[in-house]
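Data block below; observations after.
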Amino acid sequence: MRLIRFLSYLAGIALSLLLAWVFFPGKQTEMDRLAPATLKWIPSLDETEEFCQFGHPEWRQAQTIEGVDIEEDPQCKPDNPYVVASVVKGTDKISMPTLMKTRLAMDAVVKQDDRDGDGDPDVIHIKLEVAELNGSTPDGDFLIPGYRIAPNLTPGIWVFVPKMRGMATIDSVNLDANPLLRAPSPPIRVEQGDTVYLTLENSHYLPHTIHLHGVDHPYLSADGKGNDGVPISSEKPLMPGERRTYRIQPRQPGSMLYHCHVQTDKHMLMGLQGLFIVEENRPNNWLQTFNIGAGKVRHPSRANRERFDQEYDLHFQSLDKERYQPIQDHNDPRLVAKAMNREYDITDADEDFFLLNGESFPYSLRDSLVVVEPDQKVRLRVLNGHPRTLAVHFHGHKTRTIALDGVPLKHPFIRDVQALAPAQRLDLVLDTHDDGLHSFGPGAWLLHDHAEKSVTSDGVGPGGDISLVIYRQLLDENGFPKLQGMDLVPFFNRWFYQKQVPVWARSKEWEIYADAGALPPNPIRVIISGMLLGLSLGLIFLGWRDWRKSR
Amino acid sequence: MRLKHWIVLLLFIPVLSLASHRMDMDSMVMNENPMTLPEGCPQIAGDKKITVRAGRKYAGKFPGLVFAYDQQSWEVAPCTRLTVRFINEDHIRHQFMVHGLPPKTYPEGMFTIEVSGPGEETAAFILPPYKKTYLVHCDIAQHTEHGMKAQIKVAGGDRELASLPGLTKPIRPDRYPTDWKPFSITMLLLALVGGLGLVWGGRWLIKAMSE
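Top line first, the protein sequences correspond to chains W and A. In terms of my numbering, the first sequence has 1101 at position 438, counting the first letter as 1, and numbering is strictly consecutive. In terms of my numbering, the second sequence has 189 at position 88, counting the first letter as 1, and numbering is strictly consecutive.
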């Protein structure tokens, strides 16, 4: 009898708990006659960046520094003109006060020997280091050196950088990366026929090499050492703390590529890739050896000045969260190597962040605009750094392809979507003559990859590699585009790309698309589930009392 | 270094020395200070010279690290003039950068020696009078994080810095697989017997007390 009684208690408790679980209000509640009120969102000023906060507006002007002519760059954040002057003259030739405004090492770019007597140097020494951006640290829960591709977006990136001096960070308090440490790996320019010594100083904690993709170079250097940068065929990877010099004397001009060839599905796609441009030989042709951050070339080559009004480098690339996660999870290189080389699988991968010149929208509006005037011919050197096809589209324009992979085309073609295979380069001419074909007239015309996920950042749009071909008259005095579309403030809020705030919500009219509030749980369900829970508790108590009495 | 580099350097020595900053192709020194007394130091208490070697090989004895100094901690008396001979044994840049110094004497509170590749540089600075621990590291991207971190303790220092190779635990340590070796299993079994012993011992104690 006692057993039956206890089994009855148990059955009663189980049944009441089961019913309580069934009737308990769920995560979502059905509306009755009225849906819940709208949750208003007003971006906090403290959490929203200014469109353009830049301490050196004088850098935007056309200027001459130590005899180097530097073109105007009216965008919000132009390239540092002192860096431009230093890499044109050579970091060993520029004056110390100018070099001190750059953070470049004195041996970053050394130019010597005018062998053909045409007024420019023909032996060029270039030194590169490797830097990790947004890596983990054993000293706390932060990433160092910090680099944002858009507000509050800090993916792990590796870049080749010109040899520097001093700190990696802005200063000892601000742990963001200094202005030279940024994506993309900088476009490098050399002259056809130059003897170029490209030295890689591996300052990173993993092995790397440089492969000069498409650049005329011997397989072995004069001393019999590997010169192709490929670990399985020409040379061993360069270990941390070591240096190696690649020697090239390119006979053909064109837009080429350099990239790390160690575990290319990881290293190249982590950002170790950049444009390598061989300029046509001309007299007195002093080149801008590095174009930090790509974009506008402020000191174009002689050949480009003869044929074009302006020149821009456009480097498209993408990042995969699963690929870079190991460098933000671990410090130990053995854990990083295992996670990247064995646990990450690119055949299952999908890209999450899309960069144009190292940044995503809206930061691309600060320093990756293509700023034009009517009736100009602008040369665009486009690199596809994605692991898949890129479909570059310019609103309001059809561009003319004049070279593919550095090889001039006998029959240039005009398109409004220009396709590039992975690692491919296109030389495009953006003609701003308003004839209804090349240009539809002045405007702030969108420029982006037409593979639609590229215009998002981790799926949130507008983001990704969106930028603008903008006519000069539509830039304000701070270099910011005068636009008349959506309010841009939410895109500069730190929570926007974290998917924490609504995409449309900034005016009374648009509130209908803001987040809906929550509903209280159904009262009948609350009462029934509460009573059932009480019943089960009561049965537990009675059962316990009976058990004690029976002993 | 080539003759012309020396000429460039000599031309700029006046500018550089004004800013306590000297630089050439091979090295750079910032905020060198062999003479100016930091606030609170009545005089230079003494001279101390250290040789610091930096390179990948010094990380060899610390599993999971890539770059390191040959030593991770130095003890220095207050107001000592510390002359640092910094030797870089790698073919990349390394730094000996000290933080937390008084900004009145050392702009941004820093003293730095940077050597551009294999080679060395020597410079001196005077430590303040207070009991304090100063961070020493190489501020090239991810070098501190991969082992190139140390400390200078004045008058015994006021703390131990975290993540010093072989000396102190990181604030955010890496995690590794747990490895159950026979020793750990034996320890667990002994602890289990100990736990049982506690029960019997407790029963015995209660019985003894009630009697």
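From the three backbone atoms N, C-alpha and C, an ideal C-beta is built for every residue, glycine too.
Integer-rounded CB distance, given that S848/W should sit under 8 Å from G730/W
So it is not a contact: roughly 28 Å between Cβ atoms.
Please return the same chain residues whose Cβ sits closer than 7 Å to the Cβ of F1155/W, not counting the five positions on each side in sequence.
Here the set comprises T711, E712, F714, P814 and P1025.
So is F1204/W buried or exposed if we call it buried at 16+ other beta carbons inside 10 Å?
When all chains shown are included, F1204/W counts as exposed.
Mind checking the stretch 257 to 273 of chain A against chain W and listing, in chain order, the residues whose C-beta falls within less than 8 Å of any C-beta there?
Answer set for the stretch 257 to 273 of chain A: A263, S264, P271, I272 and R273.
What in chain A is Cβ-close to N865/W, meaning under 8 Å?
Those are I193, listed as they occur along chain A.
Just to check my reading of the structure: Y909/W and G887/W have Cβ atoms closer than 8 Å, yes? What is that Cβ distance to the nearest angstrom?
Between Y909/W and G887/W, the beta carbon gap of about 14 Å keeps them out of contact (Cβ cut-off 8 Å).
What are the complete beta strand (DSSP E) segments, minimum 3 residues, inside the stretch 755 to 839 of chain W?
Those beta strand (DSSP E) runs which fall completely within the stretch 755 to 839 of chain W and span 3+ residues are 772 to 775, 786 to 796 and 820 to 825.
Would you list, in sequence order, the uninterrupted alpha helix (DSSP H) runs of no fewer than 4 residues that lie entirely inside the stretch 734 to 758 of chain W?
As summarised for the stretch 734 to 758 of chain W, the continuous alpha helix (DSSP H) elements at least 4 residues long and confined to that stretch are 744 to 752, given in chain order.
Within its chain, find whatever has a CB closer than 6 Å to the CB of A957/W; leave out the 5 residues flanking it on each side and keep chain order.
Listed in chain order, the non-local C-beta contacts of A957/W below 6 Å within the same chain comprise P847, P850, D976, H978 and N1020, local neighbours out to five positions each way being set aside.
Ignore the nearest five residues each way along the sequence and tell me which others in L1083/W's own chain have a CB closer than 6 Å to its CB.
Cβ within range, chain order: N1047, L1053 and L1089.
With three or more beta-carbon pairs closer than 8 Å as the criterion, would you say the stretch 1073 to 1083 of chain W touches the stretch 919 to 929 of chain W?
In this structure the stretch 1073 to 1083 of chain W does not lie against the stretch 919 to 929 of chain W, because fewer than three pairs of beta carbons, one per stretch, are closer than 8 Å.
So, is the C-beta of L796/W closer than 9 Å to a C-beta in chain A?
Interface with chain A (9 Å Cβ-Cβ cutoff): L796/W is included.
Contact check, H333/A vs E864/W under 8 Å by CB: the rounded distance?
The structure shown does not extend to residue 333/A, since chain A spans only 102 to 312, so no value can be given for it.
So is A225/A in contact with chain W if we call contact Cβ pairs under 9 Å?
Under the 9 Å criterion on CB atoms, A225/A is classed as non-interfacial with respect to chain W.
Contact check, P825/W vs K774/W, beta carbons under 9 Å:
Contact check for P825/W against K774/W fails: the beta carbons are separated by 9 Å or more.
Note down, in chain order, every chain A residue with its Cβ under 7 Å from the Cβ of T872/W.
Under the 7 Å cutoff, chain A gives no residues; its nearest Cβ is about 15 Å from T872/W.
Test: R186/A CB closer than 9 Å to a CB of chain W:
Put simply, the CB of R186/A is far from chain W, with every gap to its CB atoms at 9 Å or more.
Indicate whether V153/A and L228/A have their beta-carbon atoms separated by less than 9 Å.
The criterion of a C-beta distance shorter than 9 Å is not satisfied by V153/A and L228/A.
From L1195/W to G1206/W, what distance separates their C-alpha atoms?
Rounded to the nearest angstrom, the two C-alpha atoms are 16 Å apart.
Nearest-angstrom Cα distance between V941/W and K158/A?
Rounded to whole angstroms, V941/W to K158/A spans 38 Å at the Cα level.
Ordered along the chain, which non-local residues of its own chain (more than five positions away) have a Cβ less than 7 Å from that of V746/W?
Only T765, L767 and I955 meet the Cβ criterion.
Meets three-Cβ-pair contact criterion under 8 Å: the stretch 189 to 203 of chain A and the stretch 288 to 300 of chain A
Result no; under three Cβ-Cβ pairs closer than 8 Å.
Where does the unbroken beta strand (DSSP E) through Q144/A begin, and where does it stop?
If you look at Q144/A, you'll find it isn't in any beta strand (DSSP E); DSSP assigns it neither H nor E.
Within a Cβ cutoff of 6 Å, which residues of the same chain sit near R1211/W, ignoring the five residues on either side of it in sequence?
Nothing listed; no residue qualifies.
With a CB to CB cut of under 8 Å and the five nearest residues on each side skipped, what residues in its chain are close to I609/W?
Absent from the structure is residue 609/W, since the part of chain W shown begins at 664 and ends at 1214.
Which residues in the same chain as A1107/W place their Cβ atom closer than 7 Å to its Cβ, once the five residues preceding and following it in sequence are excluded?
Cβ neighbours of A1107/W beyond the five flanking positions: L1131, I1133, L1137, P1144 and L1146.
By the DSSP assignment, the alpha helix (DSSP H) with I1187/W in it spans what residues?
Boundaries of the alpha helix (DSSP H) around I1187/W: P1186 to S1213.
At the 9 Å Cβ level, is P996/W part of the contact set with chain A, yes or no?
Chain A has a Cβ within less than 9 Å of the Cβ of P996/W.
From N1004/W, L998/W, V1034/W and Y987/W, pick the residue whose C-alpha is nearest to that of D1013/W; which is it?
It is Y987/W.
Can you pull the chain A neighbours of E905/W, defined as C-beta to C-beta under 8 Å?
In chain order: D191, H192 and I193.
Taking the beta carbon of L1110/W as the centre, do at least 16 other beta carbons fall within 10 Å, making it buried, or is it exposed?
Burial call: buried.
Going by C-alpha distance, which of V1166/W, I1191/W and N1141/W is nearest Q724/W?
Closest by alpha carbon: N1141/W.
For D275/A and chain W, any beta-carbon pair shorter than 9 Å?
Judged by the 9 Å Cβ criterion, D275/A is in contact with chain W.
What is the residue span of the beta strand (DSSP E) that H679/W lies within?
Checking the sequence shown, residue 679/W turns out to be Ser, not His. Counting along the chain, S679/W falls outside any beta strand (DSSP E), though it belongs to the alpha helix (DSSP H) covering R665 to F686.
Under 9 Å between beta-carbons, which chain W residues line up against I242/A? List them in chain order, please.
According to the sequence shown, residue 242/A is Ala rather than Ile. When 9 Å is used as the limit between beta carbons, A242/A is near these residues of chain W: E792, V793, A794, E795, L796, G798, I807, P808, V824, A831, T832, A840, L844, S866 and H867, in chain order.
Between G803/W and chain A, is any beta-carbon pair separated by less than 9 Å?
Yes, contact with chain A.
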